[in-house]
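Q: No gaps in the numbering here: position 202 of the sequence shown is 610 in the working numbering, and each next residue is one more. Note that the Cβ used here is the ideal one computed from N, Cα and C, for glycine as well.
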Amino acid sequence: MSAQDPRQQSVASGHLRPLVYLWLVLTGLMTYEYLALNNMIKVPSLLLKLQHFKIIPKSIKLTTDPGGTISYILGIVGFVIICMTNYYIWRKKRHMVKPKGSLGLSLDYHILFGMLGPTLIVFHSDFQVYGLVAISFWSMVVCFASGVVGRYFYMQLLRGRQEMVQTMQTYDQKFELARVNAQQAWPKQLMEQTKWAVFLQVGGSLALQEGRLALPVVLVSSLWGDLRMMVMGFNFNRNLPKSLRKPIYDYAVLRRKYYSTTQYKILMGYWHTFHKPFAIFMYVVSIIHIIAAVTLRVQR
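Structure (structure tokens):
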């Protein structure tokens, strides 16, 4: 795989987790302020405090009602942020242009904007959705939800098959070296049984390895394997050295991804077909909504 491969760049960027934390913090602050302004919790509003110290003009009415100043600002900022998600799409298609920064980092910010923009729009609407804008709102929700699904599909395809084979061979060499140098006898057959057992726990199977599983079954088994990992953990052989448990788990997941690559490429194609029309419709209706809102505001 070349140094310019976008999948490798995405892995190398490593900024997604802190960006998700940033989104959670901002969402928490907006939730706090929404509850405080609407007297749902007995805590002081930060915006009212700023207004008290004349940082925010007294003429501004601090309310979350649709059409108010706060709602207006959240709507503008939210829509701009949603539009910024298209930068990553533009970069992917501009093969002849090489802007600064990795494509992987652009993907991470694409995901951040895809979460933050809809969050701002939800608060902008004051959780009141009706009329024409409801169509755009639910299109946005579908885009957001399908974006999460698309991210999962993308994670299954981060590496090429040849790279996965090389990585699995490296793992096998590491396991064999650890087995030979173990203080207690560790038969090779037992090592193979352990690798297979963990492979089954992450959603792998003999049918998957032989290419006999239907596409929906591959998706369900992969999801179940990942959920099992997060909720229940894994059952390793007690005699297996702790230093090998994480590598064997990584090996098993990589092995599952290797055998499900073809199915996930098909799923990714279906995802693009589903995701794109909702995104286009969301933008069209949003622009109509913005023009109407700005016109009515000017006329007041």
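Taking all protein chains shown into account, decide if Arg664 is buried (16 or more other Cβ within 10 angstroms of its Cβ) or exposed.
A: So Arg664 ends up on the buried side.
Q: What span of residues does the alpha helix (DSSP H) with Ile464 cover, start to end?
A: Taken as a continuous stretch (DSSP letters only), Ile464 belongs to no alpha helix (DSSP H), as it is neither H nor E.
Q: Kindly provide the ranges of any beta strand (DSSP E) runs that are 3 or more residues long and lie completely inside the region 585 to 614, ordered along the chain.
A: Counting whole runs of 3 or more residues, the region 585 to 614 contains no beta strand (DSSP E) stretch at all.
Q: Quick one, are the C-beta atoms of Gly633 and Gly611 less than 8 Å apart?
A: Yes; because the gap between Cβ atoms is below 8 Å, this pair is in contact.
Q: Find the nearest neighbour of Phe583 within the set Val625, Met563, Leu515, Ile656, judged by alpha-carbon distance.
A: Closest option to Phe583, Cα to Cα, is Ile656.
Q: Just list the alpha helix (DSSP H) runs in the region 527 to 574, keeping only unbroken ones of 4 residues or longer that don't cross its boundaries, in chain order.
A: Within the region 527 to 574, the complete alpha helix (DSSP H) runs of at least 4 residues are 540 to 563.
Q: Would you mind giving the Cβ-Cβ distance between Leu445 and Leu470, rounded to the nearest angstrom? I have them listed as a contact below 8 Å.
A: At roughly 6 Å, the Cβ-Cβ gap stays under 8 Å, so Leu445 and Leu470 are in contact.
Q: Output the residue ranges of the alpha helix (DSSP H) runs that lie fully inside the region 419 to 451 and measure 4 residues or longer, sorted by chain position.
A: DSSP runs (the alpha helix (DSSP H)) wholly in the region 419 to 451: 424 to 445.
Q: At a cut of 8 Å, does the region 687 to 705 reach the region 556 to 573 through at least three beta carbon pairs?
A: Cβ pair count under 8 Å is below three, so no.
Q: In the structure shown, what three-state DSSP assignment does Ile468 receive?
A: Coil at Ile468, not helix or strand.
Q: Would the beta-carbon of Met599 fall within 8 Å of that of Arg587?
A: Going by C-beta atoms, Met599 is nearer than 8 Å to Arg587.
Q: Going by beta carbon distance, what residues of the same chain come within less than 8 Å of Met504, once the five residues before and after it are set aside?
A: Summary for Met504: the model assigns pLDDT 45, below 50, so the residue's position carries little reliability, and this model does not support an answer.
Q: In three-state terms, what does DSSP make of Lys493?
A: What sits at residue 493 in the sequence shown is Thr, not Lys. Here Thr493 sits in coil by DSSP.
Q: Could you please give the first and the last residue of the uninterrupted alpha helix (DSSP H) stretch that includes Arg620?
A: That residue, Arg620, is in no alpha helix (DSSP H); it is neither H nor E in DSSP.
Q: Could you check whether Ser533 and Leu545 sit closer than 8 Å to each other, using their CB atoms as the reference points?
A: A small correction: the amino acid at residue 545 is Phe; Leu does not occupy that position in the sequence shown. Contact: yes.
Q: Distance, Cα to Cα, Tyr429 vs Leu524?
A: The straight-line gap from Cα to Cα measures roughly 11 Å.
Q: Among Leu443, Phe461, Lys462, which residue has its Cα nearest to the Cα of Ser453?
A: Among Leu443, Phe461, Lys462, the Cα nearest to that of Ser453 belongs to Leu443.
Q: In the DSSP assignment, the alpha helix (DSSP H) including Pro655 goes from what residue to what residue?
A: Taken as a continuous stretch (DSSP letters only), the alpha helix (DSSP H) holding Pro655 covers 650 to 667.
Q: By the three-class DSSP mapping on this structure, what secondary structure does Asp580 have?
A: Note: Asp580 maps to helix in three-state DSSP.
Q: Taking Leu614 and Asp516 to be in contact with their CB atoms under 8 Å, please state how far apart those CB atoms are, rounded to whole angstroms.
A: At roughly 36 Å, the Cβ-Cβ gap does not stay under 8 Å, so Leu614 and Asp516 are not in contact.
Q: Where does Met640 sit, in a helix, a strand or coil, going by DSSP?
A: Three-state DSSP puts Met640 in coil, outside helix and strand.
Q: Go ahead and pull the three-state DSSP assignment for Gly475.
A: Of the three classes helix, strand and coil, the one that applies to Gly475 here is coil, per DSSP.
Q: With distances taken between CB atoms, is the gap from Cys551 to Ala687 smaller than 8 Å?
A: Going by C-beta atoms, Cys551 is nearer than 8 Å to Ala687.
Q: Only counting the same chain, and skipping five residues up and downstream in sequence, which positions put a Cβ closer than 7 Å to that of Ser514?
A: For Ser514, where only same-chain residues beyond five positions count, the Cβ hits under 7 Å are Tyr495, Tyr496, Arg499.
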